[in-house]
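Residues 0 to 172 (numbering that gives the first Met the number 0) make up the sequence shown, in order. Beta carbons: idealized from backbone N, C-alpha and C, even for Gly. Here is the structure we will look at, set down as C-alpha cells.
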Amino acid sequence: MKISVVVSSRTGNTAMLAEQVRHVAEERLGAGSCLYYGAPDTRVPDGDLIFVGFWTDKGTCDETMAAFLEKLSGKKIFLFGTAGFGGSEEYFERILHNVAGRIPEGNTVIGTYMCQGRMAQAVRARYEQMAKEDPGDARIQAMLANFDQALEHPDETDLCRLTEAVENVLKEA
Ligand SMILES: Cc1cc2nc3c(=O)[nH]c(=O)nc-3n(C[C@H](O)[C@H](O)[C@H](O)COP(=O)(O)O)c2cc1C
0 MKISVVVSSR TGNTAMLAEQ VRHVAEERLG AGSCLYYGAP DTRVPDGDLI FVGFWTDKGT
60 CDETMAAFLE KLSGKKIFLF GTAGFGGSEE YFERILHNVA GRIPEGNTVI GTYMCQGRMA
120 QAVRARYEQM AKEDPGDARI QAMLANFDQA LEHPDETDLC RLTEAVENVL KEA
C-alpha cells in the first residue's frame, strides 16, 4: 500500500504529528511507501490513502487545506489536526465535522485524530491584558489556564494515541 502525508502547519505542532504519521506508516509498510510528504499542493498525490494534517483556523482547517480537500476524489482519508483549545472531545469532533464537510462525496474518511497544540505567546499577552481590564471574568481565567495547558502539547501521550490510531487504519485499509 502507498500513502501520502499532506500537512498544513504554521508553527510546527501539526508537522510534529505528520512526522509521526510518516514514521509509523513507513515502519509498517516499508521504506518508500510514502509517496508524498509535504504541504497541500495543486496536484493531488497518488496512493491509496492520504493522511491529511491541519491546524485549526477559526474552527476548521485553513483555506489552503480546504481547497486541497475539495479536489480529492475516490480517496481514503485519515484526518488529523491540532487546535489551541483542548479539554473536550466534543470540541474536536465539531472541528473534524467542519473539516470533513469540505471533502467531496466519493471519498471516505477512515480515521481521525486530534489533540491540543501550543499557541503563540502573543495570545497569552492578549489574554493577560483582558484579565487586567476585567480581573473578575472567570472566562478569561479559563482561557489563560487553557493557554498554559496547551504549551505542553503535542506531548508524548498525544503521539502515542496518534500512533495507535494510525496503526489501526493501516491494519484495516
Ligand atoms: C489565525 C489563527 C486562528 C486559530 N483559530 C483557532 C480556533 O478556531 N480554535 C482553536 O482551538 N485553535 C485555533 N488556533 C490555534 C491553532 O490551531 C493551534 O495553535 C495549532 O496547534 C497550530 O498548529 P501548527 O503549529 O501546526 O500551525 C488558531 C491559531 C491562529 C494563528
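Using 6 angstroms as the cut-off, classify the Cβ of residue i as near or not near the heavy atoms of ligand 1, replying yes or no.
i    : result
S72  : no
A65  : no
G86  : no
T107 : no
S8   : yes
D45  : no
N12  : yes
A164 : no
M113 : no
G58  : yes
Just verifying my parser: in three-state terms, what is the DSSP assignment at residue i?
i    : result
L16  : helix
I102 : coil
L150 : coil
V23  : helix
T59  : strand
T81  : strand
Alpha carbons only, please: which of the options is nearest the one belonging to residue i?
i    : options                : result
G83  : H22, A65, K74, G58     : G58
E166 : A124, A24, A149        : A24
D47  : L161, L150, V108, D154 : V108
Y90  : C159, E62, M118, Y112  : Y112
When DSSP builds the beta bridges, which residues end up paired with residue i?
i    : result
I76  : I49, V108
S3   : Y35, I49
C114 : T81
So residue i and residue j are supposed to be a Cβ contact under 8 angstroms. How far apart are they, rounded?
i    : j   : result
T13  : G80 : 6 angstroms
G110 : V43 : Contact flag wrong, Cβ pair sits at about 19 angstroms.
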